[in-house]
Amino acid sequence: MAATRLLFYSHDTFGLGHFRRSLTIASHLRRHLPEASILIMTGLEAAYVFETPPGIDFVKLPAVKKVGPDTYRSRHLHISFNRVRRLRENLIRAVAKSFNPHMLVVDNVPRGVDGELLPTLDFLRARRPQTKIVLTLRDVLDVPEEIVPQWREWDVYSLLERCYDEIWVAGWKDLFDPTRLYEFPATVAGKTQFCGYIVQRASREAAAAIGQELHLNGEPLSVVSAGGGGDGFALLKAYADAVGKLGREGVKSVVCLGPDMPPQQRNELKKRLLPQSDRVLLFDFRPDLVSFLPLASVTVSMAGYNTVAEVLAHEKPAVVVPRVYPRREQWLRAHALEERGLLRTVDPE
Numbered sequence: 082m083a084a085t086r087l088l089f090y091s092h093d094t095f096g097l098g099h100f101r102r103s104l105t106i107a108s109h110l111r112r113h114l115p116e117a118s119i120l121i122m123t124g125l126e127a128a129y130v131f132e133t134p135p136g137i138d139f140v141k142l143p144a145v146k147k148v149g150p151d152t153y154r155s156r157h158l159h160i161s162f163n164r165v166r167r168l169r170e171n172l173i174r175a176v177a178k179s180f181n182p183h184m185l186v187v188d189n190v191p192r193g194v195d196g197e198l199l200p201t202l203d204f205l206r207a208r209r210p211q212t213k214i215v216l217t218l219r220d221v222l223d224v225p226e227e228i229v230p231q232w233r234e235w236d237v238y239s240l241l242e243r244c245y246d247e248i249w250v251a252g253w254k255d256l257f258d259p260t261r262l263y264e265f266p267a268t269v270a271g272k273t274q275f276c277g278y279i280v281q282r283a284s285r286e287a288a289a290a291i292g293q294e295l296h297l298n299g300e301p302l303s304v305v306s307a308g309g310g311g312d313g314f315a316l317l318k319a320y321a322d323a324v325g326k327l328g329r330e331g332v333k334s335v336v337c338l339g340p341d342m343p344p345q346q347r348n349e350l351k352k353r354l355l356p357q358s359d360r361v362l363l364f365d366f367r368p369d370l371v372s373f374l375p376l377a378s379v380t381v382s383m384a385g386y387n388t389v390a391e392v393l394a395h396e397k398p399a400v401v402v403p404r405v406y407p408r409r410e411q412w413l414r415a416h417a418l419e420e421r422g423l424l425r426t427v428d429p430e
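Just so we're aligned, residue 82 is where the sequence shown starts under this note's numbering, counting upward by one.
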């Protein structure tokens with residue numbers, strides 16, 4: 082019998098969250114299907130720096146960048162977005178046709194970026210009907226008044242009925258119920274399952290190695306991150322200012338800038354934080370940042386899905402500053418969890 086082939090689509094137009102969630106799900110499936118071959122299509126340049134189990138590989142799509150609500154541009158290539166979208170669309174379809182997956186797992190965007198996934202979905206349904214197609218959704222996408230009209234305009238509800246076999250929601254139904262919030266038709270709600278929050282956990286060995294690296298000697302540790310860093314400058318600058326005021330009497334800090342932070346902002350933060358290297362350990366990027374969490378006394382971050390889920394899973398006090406543009410997803414998540422006493426939210430204004 083042929084080994085199971087699983088194909089993942091992770092569009093990755095902003096930040097690390099989509100890829101990290103896809104990789105976590107893929108790694109979990111690989112543990113339960115040790116003979117499976119898993120291929121992840123991703124636009125993330127940093128994909129190969131993350132630790133992956135055997136049996137998982139990647140196809141790198143030309144990168145696009147989200148620059149506004151449903152507005153994108155080519156990240157590196159000097160061509161129009163329409164051209165790079167067509168290139169991605171053709172690559173996605175070619176990979177699906179050649180790899181011939183038993184299951185396609187689509188992260189969070191039913192149509193793909195600007196509809197780039199539609200030809201592949203139509204091809205699989207027409208030519209490879211045995212392929213199971215699954216959509217994974219975050220706990221919350223945005224406020225309903227944004228999502229529902231958009232999905233109606235783009236005919237997403239019909240797409241979910243026609244092309245998707247199952248919808249997996251990575252969240253708690255009692256906290257957010259997308260079937261109700263986003264007015265799923267009964268047929269779509271019927272194929273929706275809630276999986277709980279999906280997280281990476283630090284291994285004891287990795288946490289112990291980090292502990293030796295930090296030389297804490299009982300000092301409290303603050304772990305500070307802005308995810309990919311693309312819009313994290315204001316948060317990290319505010320933290321750098323606070324560290325300067327606390328001086329040598331404050332906590333020891335681990336600060337991760339993120340791979341997407343613009344160079345000018347990165348350099349400014351380094352100028353502020355490097356002179357305090359006795360109290361601040363500064364990283365451009367740590368794909369193993371989750372391994373610092375068991376040692377943390379407090380965390381300071383934005384309110385992205387992966388960051389919040391991992392902090393809660395490690396039961397650490399958390400202060401979050403949610404993003405409010407171009408989507409209010411982080412704001413909704415942060416305030417819902419704050420109402421339950423699980424973290425503290427600071428208004429980004």
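Just so you know, even glycine gets a beta-carbon here, dropped at the ideal spot from N, CA and C.
Quantities reported herein were computed from a predicted structural model and do not represent experimental measurements.
- Its Cα nearest to that of Ser334, the residue Ser358 stands out among Gly311, Ser358, Ala417, Lys326.
- Taken through DSSP and simplified to helix, strand or coil, Ala319 comes out as helix.
- Annotation: the continuous beta strand (DSSP E) that includes Ser334 extends over 333–337.
- At a Cβ-Cβ threshold of 8 Å, Arg166 and Asp195 count as neighbours.
- As DSSP reads the structure, Lys141 sits in a beta bridge with Thr123.
- Judged by DSSP secondary structure, Ile173 falls within the alpha helix (DSSP H) whose first and last residues are 162–180.
- One thing to note: Val324 has its Cβ within 8 Å of the Cβ of Val361.
- By the Cβ rule, the segment 373–386 does not count as touching the segment 344–359, because fewer than three pairs are nearer than 8 Å.
- In the three-state DSSP reduction, Ile106 falls in the helix class (H, G or I).
- Beta-bridge partners assigned by DSSP to Phe364: Cys337.
- With a cut-off of 8 Å on Cβ pairs, the segment 126–145 is not in contact with the segment 247–266, counting fewer than three such pairs.
- Contiguous beta strand (DSSP E) elements confined to the segment 222–300 occur at 247–251, 273–275, taking only those with 3 or more residues.
- Excluding residues up to 5 positions away in sequence, Trp232, Pro266, Val269 lie with their Cβ nearer than 7 Å to the Cβ of Tyr238 in the same chain.
- Beta-carbon to beta-carbon, Gly308 and Gly98 are separated by about 7 Å, close enough to satisfy the 8 Å threshold.
- Note on Thr152: under 16 other CB atoms within 10 angstroms of its CB, so exposed under the neighbour-count rule.
- Within the model, the alpha-carbon separation for Thr123 versus Ile173 is close to 10 Å.
- Secondary structure note for Phe131: it is in no alpha helix (DSSP H), with a DSSP letter that is neither H nor E.
- Taking the Cβ atoms as the reference, Gln281 lies roughly 20 Å from Val336, outside the contact range of under 8 Å.
- Rounded to the nearest whole angstrom, the C-alpha separation of Pro398 and His296 is 21 Å.
- If you ignore the 5 residues before and after Val402, its C-beta comes within less than 7 Å of the C-beta of Leu316, Met383, Val427, Pro429, all in its own chain and listed in chain order.
- At a Cβ-Cβ threshold of 8 Å, Arg219 and Asp312 do not count as neighbours.
- If you look at Asp188, you'll find it in the beta strand (DSSP E) that goes 184–188.
- Rounded to whole angstroms, the Cβ separation of Ala127 and Pro340 is 5 Å, and the two are in contact under 8 Å.
- With respect to the C-alpha of Pro191, the residue from Ile228, Tyr320, Leu158, Asn163 having the closest C-alpha is Ile228.
- Sorting His113, Pro375, Phe89 by C-alpha distance to the C-alpha of Phe139 places Phe89 at the top.
- When only Cα atoms are considered, Arg102 and Pro301 end up about 29 Å apart.
- Judged by their CB atoms, Ala283 and Leu222 are not nearer to each other than the 8 Å cut-off.
- Looking at the backbone, the Cα of Val250 and that of Ile279 are separated by about 10 Å.
- Cβ contact annotation for Arg261 (same chain, cutoff 6 Å, sequence separation greater than five): none.
- A Cβ-Cβ distance of about 6 Å is found for the pair Leu205 and Ala177, placing them in contact under the 8 Å criterion.
- Per the coordinates, the alpha-carbon of Glu226 lies some 15 Å from the alpha-carbon of Trp412.
- In the DSSP assignment, Arg219 forms a beta bridge with Ala251.
- Note on Glu391: 16 or more other CB atoms within 10 angstroms of its CB, so buried under the neighbour-count rule.
- Taking all protein chains in view, the Cβ of Arg414 is crowded by 16 or more other Cβ atoms within 10 Å, so the residue is classified as buried.
- Here Val130 is exposed: its Cβ has fewer than 16 other Cβ atoms, across all protein chains shown, within 10 Å.
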